[in-house]
Amino acid sequence: MQVVDANQPPPFEGRNLYRTHRALREAAAREGAEWADARLERWGEVLGRPDTFALAARANRNSPELATFDRFGNRIDEIAFDPAWHELMAMAMREGEHASPWSEPRPGAQVARAAAYLMHAEVENGTQCPLTMTYAAAPLLSRHAGTLAWLGQSWLPRLHAHDYDPRSLPVAGKRSALIGMGMTERQGGSDVRTNTTRAEPAGDGAYRVNGHKWFFSAPMCDAHLILAQAPGGLSCLFLPRFLPDGRRNAVLLQRLKDKLGNRSNASSEVEFAGATAWLLGDEGRGVPVIIDMVRHTRFDCAIGSAGLIRGAVAQALHHAAHRRAFGRALVEQPLMQNVLADLALEDEAATTLALRLARSFDAPADSADAALARLATPALKYWICKRAPAVVAEAMEVLGGNGYVEESMLPRLYREAPVNSIWEGSGNVMCLDVQRAAQREPAALEALMAELALARGANGRLDRHVEALGAMLASGAGEADARRQSAAIAVALAGALLARHAPPALADAYCASRLGETGTATLGMLPTGLDYAAIIRRGMPD
Ligand SMILES: Cc1cc2nc3c(=O)[nH]c(=O)nc-3n(C[C@H](O)[C@H](O)[C@H](O)COP(=O)(O)OP(=O)(O)OC[C@H]3O[C@@H](n4cnc5c(N)ncnc54)[C@H](O)[C@@H]3O)c2cc1C
């Protein structure tokens, strides 16, 4: 039967994800990456193609498989991925998502990469795990290239290469390389002091590592940075997959995790059976060494969740613009307008925050902006990642029954949404980190208050919120209040940025609904009298 008018919207894919995202374009230019406009527009076009959406669906439908042995019984510990995974990785590495601020440093490089990464997250998320870890490890490794010359000679050029080389080979034979991270053990992930994996000096400059990791994502990476107990205490070590003489390192993959989402990506459990690794920094300084990688991965979690939010909200707005019910388009129904405007506020806030945070990663290490990042990174990692599941669930409902069906892609975004909040420091751990920074690092607190002061006078509710926030942070509140503190910082930053840069209808609606004691339990409960239509128009992906 031929259905003439099925009241179904046209496909979402086939649009330029950059050109159709006003908040992203404006933020990229404002935060220092105006020069990247044409490049981001090209990347937005590539990502928005129906073919790219199809690759993403396929890579997630056909999860990777572990082969521990070859047919002769030799240990191989290989991961077989769907070809779609490799294609997506190649696209992202050509774009430089794993390296561009290091391979092509210039002012605004972090912002440009963040914009590219955010758009990637709208389409596929599993591939972002190894891309992020490689991006995050490179500055740490270049800092240690002075003491381990081979890091600078063999590894860094390959980590910076805009090329994808998935072959299982010693690094010398490869065009590019990927890095992962192994900290979490069975008995503790947040509290890595409980790590039991041991690293003993081997007498030849290397260490022998014995133990396990309970989560070891992207095990096909060419090397991992791990934590292990050396004689001098918990230490950070560089553990390659292949040894310089060409043998496989004793990194034995036990099984792959059967995860809620992130199914295109392989996350493994691993045992180290006398594996060879090299110390980075001093024994006993493992956490201070690896924290430099971790702050970059946390930054990426915030950007990635901003992308998830945009991906879901853009599809919801698109659907509502085309679907009719009770004689009118959904986008014209007053109650749906409230829901859509509320979703669009989350989208604009998350994108704006993510790119402002990116600018602080571009800033010199001794600047006020870098101090701001010390507080803002955990606060925004907490807040943006925490908003994602609620936003994606609400966006799914906008699509009605279609939203619950795999083909719409919303189920995949929904399954993906919680993970950024859990890994790289779960919610509570982030909030306790914010509290520590607020109490112990006066420069970070000062930078935060200075940033918020830039919006003083723009909105009375915002001014009152910032004043109360200052008092709350100065009061030395206890651990039980840490979530309230982090949330208050995040919405203050969002309110201040929107008041300065977004259309007034949007900034007013954000401040009216997110600041003070009005916190909404669900989306779609914005106060009446706001300009919903203007907010929706701005978020519409057209
Ligand atoms: C898909 C996936 C992939 C992963 N890949 C990797 C990887 O590649 N490498 C790696 O090292 N790890 C990886 N992880 C592990 C991840 O980083 C940890 O799961 C995470 O850090 C939490 O550690 P945990 O699971 O041991 O939970 P726990 O540390 O036991 O924490 C459980 C809960 O308690 C909370 N909590 C902890 N301490 C406190 C406190 N003091 N006060 C209040 N609340 C607290 C936490 O916020 C959390 O909600 C991955 C996880 C997932 C889900």
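Take the sequence shown: its letter number 357 is residue 360 in this note's numbering, and every next letter is one higher.
Backbone N, C-alpha and C fix where the C-beta goes; we use that ideal spot for every residue, glycine too.
(1) Please state whether the Cβ-Cβ distance between N198 and A231 is less than 8 Å.
(2) Just how far apart, CA to CA, sit A59 and Q336?
(3) Would you mind reading off the limits of the beta strand (DSSP E) that contains K216?
(4) According to the neighbour-count rule (16 or more other Cβ atoms, all chains shown, within 10 Å of its Cβ), is V408 buried or exposed?
(5) Extract the residue ranges of the beta strand (DSSP E) inside the region 251 to 293, only unbroken runs of 3 or more that lie entirely within it.
(6) Please confirm if the region 242 to 254 is in contact with the region 263 to 277, defined as three or more CB-CB distances below 8 Å between the two stretches.
(7) Using alpha carbons as the reference points, say which of A221, L435, E68, L181 lies closest to M96.
(8) Between D350 and L529, is the Cβ-Cβ spacing less than 8 Å?
(9) Quick test of the definition: if touching needs 3 or more C-beta pairs under 8 Å, does the region 255 to 265 touch the region 149 to 159?
(10) Looking only at its own chain, which residues have a Cβ that is under 7 Å from the Cβ of R464, when we skip the five neighbours before and after it?
(11) When we look at the beta-carbon of F84 and count the other beta-carbons within 10 Å, is it buried (16 or more) or exposed?
(12) In three-state terms, what does DSSP make of P133?
(13) Thinking A269 and A328 are a contact (beta carbons under 8 Å), I'd like their distance in whole angstroms, please.
(14) Leaving aside the five residues before and after I539 along the sequence, list all residues of the same chain whose C-beta is less than 7 Å from its C-beta, in chain order.
(15) Distance check for L172 and C224, CA to CA, integer angstroms please.
(16) Is E125 helix, strand or coil by DSSP?
(17) Just to confirm the assignment, what range does the beta strand (DSSP E) spanning L240 have?
(18) Using 7 Å as the cut-off, classify the Cβ of S193 as near or not near the heavy atoms of ligand 1, replying yes or no.
(19) Would you list the one or two residues that DSSP bridges to G460?
(20) According to DSSP, simplified to helix, strand and coil, what is T71?
(21) May I ask you to list the residues that DSSP assigns as paired with Q232?
(22) Does the distance between the C-beta of I312 and the nearest non-hydrogen atom of ligand 1 fall short of 7 Å?
(23) Please find out if some non-hydrogen atom of ligand 1 comes closer than 7 Å to the beta-carbon of L435.
(24) Would you kindly check if the distance between the Cβ of R18 and the Cβ of P544 is under 8 Å?
(25) V195: which of K177, G236, G249 sits nearest, CA to CA?
(26) Figure out for me which residue from H215, A382, A148, G406 has the closest Cα to the Cα of L283.
(27) From the DSSP output, in three-state form, read off R399 for me.
(28) According to the neighbour-count rule (16 or more other Cβ atoms, all chains shown, within 10 Å of its Cβ), is G129 buried or exposed?
(29) Let me check one thing: in DSSP terms, what residues is G310 bridge-paired to?
(30) Give the list of continuous beta strand (DSSP E) stretches no shorter than 3 residues that lie fully inside the region 165 to 194.
(31) Considering only the alpha carbon of each residue, which of A493, Q257, A495 lies closest to T1?
(32) At a threshold of 7 Å, does E427 count as lining ligand 1 (C-beta to nearest heavy atom)?
(33) Would you call I425 buried or exposed, if buried means 16 or more other Cβ atoms sit within 10 Å of its Cβ?
(34) Under the assumption that A357 contacts A323 (Cβ atoms under 8 Å), give the Cβ distance between them as a whole number of angstroms.
(35) Have a look at A32 and D40 and give me their C-alpha separation to the nearest angstrom.
By the coordinates alone:
(1) yes
(2) 33 Å
(3) 210 to 220
(4) exposed
(5) 254 to 259, 270 to 283
(6) yes
(7) L181
(8) no
(9) no
(10) C514, A515, L518, G519
(11) buried
(12) helix
(13) About 42 Å separates the two Cβ atoms, so there is no contact after all.
(14) L320, V334, Q340, L343, A344, A347
(15) 11 Å
(16) helix
(17) 236 to 243
(18) yes
(19) DSSP, once it has assigned bridges, lists no residue as partnering G460.
(20) strand
(21) R201, L237
(22) no
(23) yes
(24) yes
(25) G236
(26) A148
(27) Checking the sequence shown, residue 399 turns out to be Met, not Arg. M399: helix per DSSP, three-state reduction.
(28) buried
(29) G310 is not bridged to any residue.
(30) 182 to 185
(31) Shown here, the chain extends from 4 to 545; a query on residue 1 therefore has no answer.
(32) yes
(33) exposed
(34) Actually they do not touch by this definition, with Cβ atoms about 24 Å apart.
(35) 8 Å
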